[in-house]
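In this note's numbering, the protein residues as written are 419 to 734.
The structure appears below as structure tokens.
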Amino acid sequence: MGIFHKVKVGEKIISPIDWEMSPNLSFGTYESWGGRERVRNNNERVYYFFVDNWGEEPKLCLMERGVKHARILADITVPVEIVKNCVENQGRSAIFEKSYAIDEPIKKWLIENVLDGGDSDLVVPRIEPEERAENMGPPLPHFNDNRFSGESIKLPAEPAIINDDEIEGCIKRWNFFDAKLNPTGKFENVLVDGGQPETVIDLKTSLMWQRGGLDIASIRTMQLNIAELNRQGFAGFDDWRQPTMEEALSLMEPERNEKGIYLHPAFSREQPFIFVAAKRKPGGYWFVDYKQGRAFWSSGTIPGGFGRLVRTFAPE
419 MGIFHKVKVG
429 EKIISPIDWE
439 MSPNLSFGTY
449 ESWGGRERVR
459 NNNERVYYFF
469 VDNWGEEPKL
479 CLMERGVKHA
489 RILADITVPV
499 EIVKNCVENQ
509 GRSAIFEKSY
519 AIDEPIKKWL
529 IENVLDGGDS
539 DLVVPRIEPE
549 ERAENMGPPL
559 PHFNDNRFSG
569 ESIKLPAEPA
579 IINDDEIEGC
589 IKRWNFFDAK
599 LNPTGKFENV
609 LVDGGQPETV
619 IDLKTSLMWQ
629 RGGLDIASIR
639 TMQLNIAELN
649 RQGFAGFDDW
659 RQPTMEEALS
669 LMEPERNEKG
679 IYLHPAFSRE
689 QPFIFVAAKR
699 KPGGYWFVDY
709 KQGRAFWSSG
719 TIPGGFGRLV
729 RTFAPE
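Written out as structure tokens, the structure reads:
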């Protein structure tokens, strides 16, 4: 990474600048499952400059990036011709790409004019909009007001070992939606409010679900976190567990909601893909991805996956 350059954004000093990071590399590191194995921890942040070519005029920006975190910290007042030259040098890719790495002339200009005590007036901080609470959809009917008379379904509840060639059969057996393997599928849930803000009950499967979930972690850390929640008696219960593949897929909706995930809006968007209680043969762990609408497998190493816990619901 070389010299630890720094830049002043408002009253905050940002350092170091990662000159090797770019929008493409950032996606491979923080968004793709395999790339995340290179991330040291969930709180890690990297800072890099990139050219934003989305608007009518390209502009130079400073990005803060981490796992499930991306924020433009500032716009840089840079000579227009330098940025335009960078765009033109991209060739045909500049027609289709919206953001890309800076080139050497931009880097040189930044070092000479902005970084390490340079002109901080050239760094224009982005003002963040006030953060709004996540929309959890319309209120669900209360458990006591819903007299479910349909057919209940008991899904497999025990941990499993699943081969690659068994996933499609599992999905189609229960008519779960999968964007690739069963795009016309739909499992009909009957979701109700059990009287606790942290949970949702599905009367169809007799399962109580965590509305939110656990932050991204390795499989070992996830298991420790679940044990701690049970020790604390999360939402009044101590028998929370990872869902099986079938249980997790039962929540998959056939269309993305306004939050961009294939889930009922009663569930948080902050857990886009979750661990399930299934190992892959010959190796790896299975996940259900509500952002892409699919099941997939990965190593489960750092940082691994998110969690959304479940327990069997037995009405009193």
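Heads up, the beta-carbon is just placed ideally off N, CA and C, and yes, glycines get one too.
Computed from a prediction, not measured in an experiment: that's the story for all the values here.
Got a sec? Which residues, its chain only, sit under 8 Å from residue i by beta carbon, not counting five neighbours each side?
i	result
Gln689	Gly630, Gly631, Leu632, Tyr708, Phe724, Gly725, Arg726
Asn643	Leu632, Ala635, Gly725
Arg729	Leu625, Met626, Phe655, Asp657, Trp658, Arg659
Glu606	Lys622
Where DSSP assigns a beta bridge to residue i, which residues make up the other side?
i	result
Gln628	Thr617
Ile432	Val425
Tyr703	Lys697, Ser716
Ile692	Val706, Phe724
Ala635	Gly723
Tyr465	Glu482
Ile560	In the sequence on display, residue 560 carries His and not Ile. In DSSP, His560 forms a bridge with Asp611.
Lys477	Asp470
Tyr518	Val469
Ala597	Paired residues: none, contrary to the question.
Pro574	For Pro574, which the question treats as bridged, DSSP gives no partner whatsoever.
Thr602	The partner list for Thr602 (beta bridge, DSSP) is empty, contrary to what the question assumes.
Leaving out five residues before and five after residue i in sequence, what residues of the same chain have Cβ atoms less than 6 Å from its Cβ?
i	result
Trp437	none
Phe566	Val608, Leu621
Ser517	Pro441, Phe468, Asp470
Asp521	Cys504
Trp451	Reliability of the predicted coordinates at Trp451 is poor, the pLDDT of 46 falling under 50, and no value is obtained from them.
Trp472	Lys516
Asn675	Pro683
Please go through the same chain and pick out, in chain order, the residues whose beta-carbon is closer than 7 Å to the beta-carbon of residue i, but skip the five residues on each side of it.
i	result
Lys477	Asp470, Asp493, Val501
Val694	Gln660, Pro661, Thr662, Met663, Ala666, Trp704, Phe705, Val706
Arg712	Asp596, Ala597, Lys598
Count the other C-beta atoms from every protein chain shown that fall within 10 angstroms of the C-beta of residue i, then say buried if there are 16 or more, exposed otherwise.
i	result
His487	exposed
Asn600	buried
His423	buried
Ser433	exposed
Ile513	Unreliable placement is indicated for Ile513, whose pLDDT of 45 sits below 50; no coordinate value is reported for it.
Gly654	exposed
Asp657	exposed
Val541	buried
Asn701	One detail in the question is off: residue 701 reads as Gly in this sequence, not Asn. It counts as exposed.
Arg649	exposed
Ile431	exposed
Pro392	Limits of the chain in this structure are 419 at one end and 734 at the other, which puts residue 392 out of reach.
Thr602	exposed
Ile579	exposed
Arg454	Bear in mind that the predicted position of Arg454 carries a pLDDT of just 47, short of 50, making it unreliable; the figure below should be weighed with that in mind. Burial call: buried.
Val610	buried
Lys426	buried
Just to confirm, are residue i and residue j a CB contact at a threshold of 7 Å?
i	j	result
Arg687	Lys677	yes
Gly612	Phe652	no
Lys604	Pro672	yes
Ile637	Phe731	no
Would the beta-carbon of residue i be found less than 6 Å away from any heavy atom of the ligand FMN?
i	result
Ile634	For the ligand FMN, the structure offers nothing, since it holds no ligand at all.
Counting Cβ pairs closer than 8 Å, one from the stretch 569 to 583 and one from the stretch 611 to 627, do we hit at least three? yes
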